[in-house]
Amino acid sequence: MLANPVFRYRMLTLAEGWSFVLLLVFGSLLSRISEIDLVMPLGALHGALFVLLVLGTLLIRRRLGWGFGTTLIALVCSVVPLAPFVFHHWKKDEFLAAERTAQPA
Numbered sequence: 001m002l003a004n005p006v007f008r009y010r011m012l013t014l015a016e017g018w019s020f021v022l023l024l025v026f027g028s029l030l031s032r033i034s035e036i037d038l039v040m041p042l043g044a045l046h047g048a049l050f051v052l053l054v055l056g057t058l059l060i061r062r063r064l065g066w067g068f069g070t071t072l073i074a075l076v077c078s079v080v081p082l083a084p085f086v087f088h089h090w091k092k093d094e095f096l097a098a099e100r101t102a103q104p105a
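Going by full-length UniProt numbering, the final residue of the sequence shown carries number 105, and the count climbs one at a time with no gaps.
Encoded structure:
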């Protein structure tokens, strides 16, 4: 599974979305109500996953046959909070079909 680039991209969309949720809930909320400050480490994790998601989108677009419009929507969804979940749900059938036919990279 991990050798499949479509599977890796699909998991990356979910990881980036969840990293933002963790940053909001645990980072921001905990720093306001307690002495625990997780904003910096969770922010760094979220930032790294964001950069990987943008790069992954640009690399996987050709394999999935995405045109300019779909690629632009994917990139916008990587910026808008919680939009990676919406994008993942919208493209889930396409991802799963591509995973079944994709050759490992």
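Idealized CB from N, CA, C, for every residue including glycine. Every value quoted in this text rests on a predicted model; they were computed, and no experiment measured them.
In this structure, the straight-line span from the alpha carbon of glycine 69 to that of lysine 92 is close to 17 Å. When DSSP states are grouped into helix, strand and coil, proline 81 belongs to the coil group. In terms of Cβ geometry, leucine 12 and leucine 52 form a close pair [threshold 8 Å]. Restricting attention to Ala74, Gly47 and Leu45, the CA atom closest to the CA of leucine 59 is found in Ala74. A direct Cα-to-Cα measurement between alanine 83 and alanine 3 gives close to 26 Å.
Per DSSP, serine 28 lies in no alpha helix (DSSP H) and is assigned neither H nor E.
The C-alpha of threonine 57 lies about 8 Å from the C-alpha of tyrosine 9. Non-local C-beta neighbours of phenylalanine 85 in its own chain, meaning closer than 6 Å and more than five positions away in sequence, comprise Gly17, ordered along the chain. Per DSSP, reduced to three states, the secondary structure at alanine 3 is coil, with no helix or strand assignment. In terms of Cβ geometry, glutamate 99 and valine 25 do not form a close pair [threshold 8 Å].
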